[in-house]
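Working notes, beginning with the structure itself.
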Amino acid sequence: MKALVFLLLLVVVTAKQYDRCDLARAMKANGMAGYRGISLANWVCLAKHESGYNTQAINHNSDGSTDYGIFQINNRWWCNNGKFHSANGCKISCSQLLTDNISQAAECAKIIVRQQGITAWVAWRKYCRGRDVSSYVAGCGV
Ligand SMILES: *[C@@H]1O[C@H](CO)[C@@H](O)[C@H](O)[C@H]1NC(C)=O
């Protein structure tokens, strides 16, 4: 029982819940600010509504596919989890999208934007498109 409690704690502390401004800075450091004309505020808004800034967010879709990480990247098209047949457009393992270091997730998000545009993300269309998103980076000094 003690071992189980310990394991559960380990999972909790490993999950990186980003602070809004820390994430904005990490995105900027990974070249996302203004990438293909997409402002940092739009990226932060997208991440807020896709994952709640949690790098370990995993959600299952009705088609059997799964979305991974801070940008909720899908394993049907972009990453491979070894179980589900994937086009693997980012040529990465899905687990690499769940790390505290968002570098690989950022590179994958850029590939998605190059191929499909920011409208690939449902949450961006629903919560960020056409809105004043400046509050997502307000006070972050980015
Ligand atoms: C994040 O990972 C990339 C390579 O994937 C590496 O170049 C970079 O130094 C790492 N950043 C931090 C803060 O560890």
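The sequence shown: position 84 = 84 (full-length UniProt numbering), numbered continuously.
Ideal Cβ placement from N, Cα and C applies to all residues, glycine included.
Residue i: CB within 7 Å of a non-hydrogen atom of ligand 2
i: S95; result: Judged by which ligands are present, ligand 2 is missing from the structure shown, whose ligands are ligand 1.
heavy atom of ligand 1 below 7 Å from residue i C-beta
i: S103; result: yes
Element boundaries [alpha helix (DSSP H), containing residue i]
i: N42; result: 40 to 51
i: Y127; result: 122 to 127
i: D67; result: From DSSP, D67 is part of no alpha helix (DSSP H) but of the beta strand (DSSP E) over 66 to 68.
Backbone CA spacing between residue i and residue j [nearest angstrom]
i: S86; j: W78; result: 7 Å
i: S135; j: Y53; result: 15 Å
i: Q104; j: I111; result: 11 Å
i: C128; j: S51; result: 14 Å
i: C94; j: L46; result: 19 Å
i: Q17; j: A57; result: 10 Å
i: A26; j: A106; result: 9 Å
i: K91; j: K48; result: 25 Å
i: C21; j: M32; result: 14 Å
Range of the contiguous beta strand (DSSP E) that encloses residue i
i: I58; result: 58 to 60
Within 8 Å, strictly: CB atoms of residue i and residue j
i: I38; j: I70; result: no
i: L97; j: I73; result: yes
i: T66; j: N80; result: no
Per-residue burial, residue i [other beta carbons within 10 Å of its own, 16 or more giving buried]
i: N61; result: exposed
i: A29; result: exposed
i: V12; result: Low confidence applies here, because V12 scores a pLDDT of 49, under 50, leaving its location unreliable and the question unanswered by this model.
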